[in-house]
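Counting in full-length UniProt numbering, the sequence shown runs from 1 upward without gaps.
The beta-carbon is built from N, C-alpha and C at its ideal position, and this holds for glycine as well.
All of these numbers come straight from a predicted model, not from anything done at the bench.
Presented below is the structure to which this report refers.
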Amino acid sequence: MNHAPQLYTSYQQLLEKSNVMLRLATEGLWEELIATEMDYVSAVQKLAQLTQQVAPSSVVQEQLRPLLRSILNNESEVKRLLQIRMDELAKLVGQSSIQKSVLNTYSRQGGHVLVPQDNLDISH
């Protein structure tokens, strides 16, 4: 049985899914990206199983190469955008930790604000 058409179709579908993921990452739709990622991983697993059943010929591999290159480029860009987002979140968490530390320190002082007072003992 010739699996080449099915394999090519599966790669095209995977490319479409990776295009959607890239669009979501570019638009900063992180929750939607995470939801889509599970479907993408499942499609990759199915494709791997299909490829293991019947190894594609060199002609089919050559036809699949541009699709695979696009998929890998999309994955790379999604990872880059995710890293930027993770850095942003780490920065926000760091700022939040500093704010929490300041608030904890302030609350341990009983809410009293320590400010310099005019020295009333000094004669004019």
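Notebook entry, point to check: If you draw a straight line from the C-alpha of Val-54 to the C-alpha of Leu-82, how long is it?
Noted result: 34 angstroms
Next item on the list: Could you tell me the distance, in whole angstroms, from the CA atom of Leu-33 to the CA atom of Ser-58?
Entry: 34 angstroms
Next item on the list: To the nearest angstrom, report how far apart Gln-52 and Leu-64 are at their CA atoms.
Entry: 15 angstroms
Check: Does the distance from the C-beta atom of Arg-80 to that of Trp-30 stay below 8 angstroms?
Finding: no
Checklist line | Proximal residues to Glu-77 (C-beta, below 7 angstroms), its chain only, five neighbours per side dropped | finding: Leu-22
Notebook entry, point to check: Counting pairs of beta carbons, one from the segment 7-17 and one from the segment 33-51, are three or more of them closer than 8 angstroms?
Noted result: yes
Item checked: The alpha helix (DSSP H) enclosing Ser-57, as first and last residue numbers -> Per DSSP, Ser-57 belongs to no alpha helix (DSSP H) and is neither H nor E.
Next item on the list: Please list, in chain order, all residues of the same chain as Asn-74 whose beta carbon is under 8 angstroms from its beta carbon, the five residues on each side excluded.
Entry: Leu-15, Ser-18, Asn-19, Met-21, Leu-22
Check: How many angstroms separate the CA atom of Val-60 from the CA atom of Pro-66?
Finding: 11 angstroms
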